[in-house]
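Below is one structure, written out as structure tokens; comments come after it.
Numbering (this note's numbering), first residue to last: 203 to 403.
Written out as structure tokens, the structure is:
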């Protein structure tokens with residue numbers, strides 16, 4: 203399986219925010235370096251047959267009357283035969299790296315015990331009126347169920363719920379530049395935009 207490529211764009215802030223964000227970035231690098239396998243050249247790719255899809259991940263988004271869509275913080279490239287769980291595992295959000303002990307902003311260099319992403323592993327994508335949930339762990343919740351319950355009470359019909367690990371990127375029915383949804387950590391919502399697709403040459 204070809205690892206997804208990820209471009210991370212740092213955010214600006216005051217001195218305390220920068221210190222905290224730097225600690226988060228260090229932990230991200232440690233995790234990525236220690237858990238991701240080295241990239242290997244895939245000899246099975248065929249020119250004009252396989253294609254690459256570009257996903258842009260935006261900052262966590264809260265809808266209000268004055269809310270604006272933040273700039274994308276990450277661009278992820280996936281091959282057509284990779285599945286949505288690869289996309290889910292490559293998305294980097296600060297909420298995933300929070301210490302489950304709570305606020306550590308006063309001492310951000312304190313040794314990390316366990317991250318929230320290791321405890322709260324549920325996640326969901328919403329593409330083209332279909333929910334794709336993470337079912338790889340027995341403790342994963344189906345976020346689509348509560349959305350469908352809300353829809354029934356408001357006469358809104360949603361589509362089916364599928365396993366994200368079974369859905370290939372190349373089989374998605376999406377529109378370029380159209381906003382889709384990624385939810386994790388219960389309430390952390392990101393806009394996901396399919397930016398581009400191109401053949402392997």
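Even for Gly, the Cβ is constructed at its ideal location relative to N, Cα and C.
- For residue 278 against residue 257, the beta-carbon gap comes to about 5 Å, under 8 Å, which counts as contact.
- Residue 292: member of the alpha helix (DSSP H) spanning 286-292, first to last residue.
- Taking a contact as a CB-CB distance under 8 Å, the pair residue 338 and residue 367 counts as one, their CB atoms being some 6 Å apart.
- For the options 301, 325 and 331, the alpha carbon positioned closest to that of residue 340 is the one of 325.
- In the structure shown, the three-state DSSP call for residue 312 is coil.
- Boundaries of the beta strand (DSSP E) harbouring residue 254: 253-262, taken from the DSSP string.
- The way I'd put it, the stretch 289-296 doesn't touch the stretch 304-314; fewer than three beta-carbon pairs between them come closer than 8 Å.
- Annotation: the stretch 314-375 contains the following complete segments of the alpha helix (DSSP H) (minimum length 4 residues), in chain order: 318-321 and 345-355.
- Going by beta carbons, residue 387 and residue 298 fall inside the 8 Å limit.
- Collapsing the DSSP output to three states places residue 298 in a helix.
- Between residue 330 and residue 255, the CB-CB gap reaches or exceeds 8 Å.
- In terms of Cβ geometry, residue 328 and residue 286 do not form a close pair [threshold 8 Å].
- In the three-state reduction of the DSSP assignment, residue 283 falls in the coil class.
- Only residues of its own chain outside the window of five on either side were considered, and among them 335 have a CB closer than 6 Å to the CB of residue 344, listed in chain order.
- Straight across, the Cα-Cα distance linking residue 302 with residue 403 is about 45 Å.
- For residue 399, the closest of 389, 373, 385 and 392 by C-alpha to C-alpha distance is 373.
- Counted as a single uninterrupted DSSP element, the stretch harbouring residue 389 is not any beta strand (DSSP E), since DSSP gives it neither H nor E.
- Selection 390, 332 and 284 evaluated against residue 261 yields 390 as nearest (Cα-Cα).
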